[in-house]
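Positions 0 to 327 (numbering that gives the first Met the number 0) are the ones given, in order, by the sequence shown. The structure under discussion appears below in the form of structure tokens.
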Amino acid sequence: MKRAVVLLAILGLLTLPAAAQQKVTVYTTLFEPTARLVFAEFEKDTGIRVEWVRLSSGEAVARLDAERNNPQASIWFGGVGLNHIEAKQKGLTEPYVSPNIENIPAQFRDPDHYWTGIYVGPLTFISNTERLKELGIDPPTSWADLLNPKLKGEIQMANPGTSGTAYNVVATLVQLWGEDEAFEYLAKLHQNIQQYTRSGNAPNTAVAIGEVAVGIGYAHDQLTVLTQGYPVVITAPEEGTGYEIASISLVKGGPEPEAARKLYDWALTERAAKLYASTNVVPIIDVPLVEGAISLSEVNVIDQDDVWAAAERERLVDRWMNEIYRSR
């Protein structure tokens, strides 16, 4: 009997490391309903419990930087690719070559294997058709249209300091027109901005309920509002627009490396891609899309340089804060 008790105790000790791996801590920039769906399905498939915190892309980089000496998360899931590049440049993430890496074309992943894209989405405008009718104007189809005096106080976009979506807007305009011309435009646009929100998805809600007429964001987030029956329409700027490569990265020195790698591998499967597609995004892996999903081929996208944009982020955000935001 005594021998059996000792044997059970030994077996219990041997299982402790395995049990410790049955949890993974995630910082995610996915839309919350998408995060709930994706992580619940991963838990079903693997038995690994996911503890996640939702942060905007800018907040995720700031949190990882603050915790660099004592990482609290093991993987960053979702978020604008240029912010993942910034995290790499700051030494906050680590390389990993997934066995599923060949599912993702080279242009949508880091050549040094620090981050990998999972879906793409263009920057577009969402407009409340009822509000526009009251204002007597058509939905905007160009960046220039957003400067219409009738839209004063009728536009929302996020703050580039906290939102990867909004910084993507700034970086897009700089690449489209050059820095000084882009900031001249942003100063004019500022006159029509009702609020700069913390996250890139918030303007969509404001437009849906008619708080403002127009929001700037990603097409897939806007499509979610459209499919919920709100009186909205989605349009793209004819001059050219940027896009996100929503990505995943392993946190350098994260507490659950084995479980994080399992989530990373799973994220690059067709099974996961079908889940992403069900939430209105356009996965990089070729799977059927929901009706209304807007791919990059359907809009005029710029020749986007995310490596440049990531390297210039702090400087451009500082300029935006000093010249645009603080002038309110």
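Ideal Cβ placement from N, Cα and C applies to all residues, glycine included.
Which of the three DSSP states, helix, strand or coil, is assigned to residue i?
i: K273; result: helix
i: K151; result: coil
i: S184; result: Rather than Ser, the amino acid found at residue 184 in this sequence is Tyr. Residue state, collapsed to three classes: helix.
i: A18; result: Any answer about A18 is weak, because its pLDDT of 42 lies below 50 and its placement is not dependable; what the coordinates show is given next. Residue state, collapsed to three classes: helix.
i: V232; result: strand
i: R62; result: helix
i: T171; result: helix
i: Y95; result: coil
i: P202; result: helix
i: D137; result: coil
i: V37; result: helix
i: W176; result: helix
i: R67; result: coil
Residue i bridges to which residues according to DSSP?
i: Y157; result: According to the sequence provided, residue 157 is Ala. The question's Tyr does not apply to it. BP columns for A157 point to T196.
i: K89; result: DSSP output for K89 lists no bridge partner at all.
i: I215; result: F124
i: D30; result: For the sequence presented, residue 30 should be read as Phe rather than Asp. Answer is none; F30 lacks a bridge partner.
i: E50; result: T24
i: P115; result: According to the sequence as given, residue 115 is Thr; it is not Pro. In DSSP, T115 forms a bridge with R108, I247.
i: I74; result: V25, L249
Taking its Cβ as the centre, do 16 or more other Cβ atoms sit within 10 Å of residue i, making it buried, or is it exposed?
i: A170; result: buried
i: A39; result: exposed
i: P236; result: buried
i: T24; result: buried
i: A65; result: exposed
i: G239; result: buried
i: N127; result: buried
i: N200; result: buried
i: V96; result: exposed
i: S55; result: buried
Whole-angstrom Cβ separation of residue i and residue j, contact assumed at under 8 Å?
i: I103; j: I283; result: 5 Å
i: N191; j: V224; result: Wrong, their Cβ atoms sit about 21 Å apart, outside the cutoff.
i: V49; j: F41; result: 6 Å
i: I293; j: V206; result: That pair is no contact at about 16 Å.
i: I74; j: L249; result: 6 Å
Checking contacts by CB at 8 Å: is residue i closer than that to chain D?
i: E85; result: Here chain D cannot be found, since the structure has a single protein chain.
>> So within the stretch 235 to 270, which uninterrupted alpha helix (DSSP H) runs reach at least 4 residues, ignoring any that extend past its ends?
In response: Listed in chain order, the complete alpha helix (DSSP H) runs (minimum 4 residues) inside the stretch 235 to 270 are 256 to 266.
> Can you list, in chain order, the stretches of the alpha helix (DSSP H) that have 4 or more residues and sit fully within the stretch 271 to 326?
Replying inline: Entirely contained in the stretch 271 to 326, the alpha helix (DSSP H) runs reaching 4 residues are, in chain order, 305 to 322.
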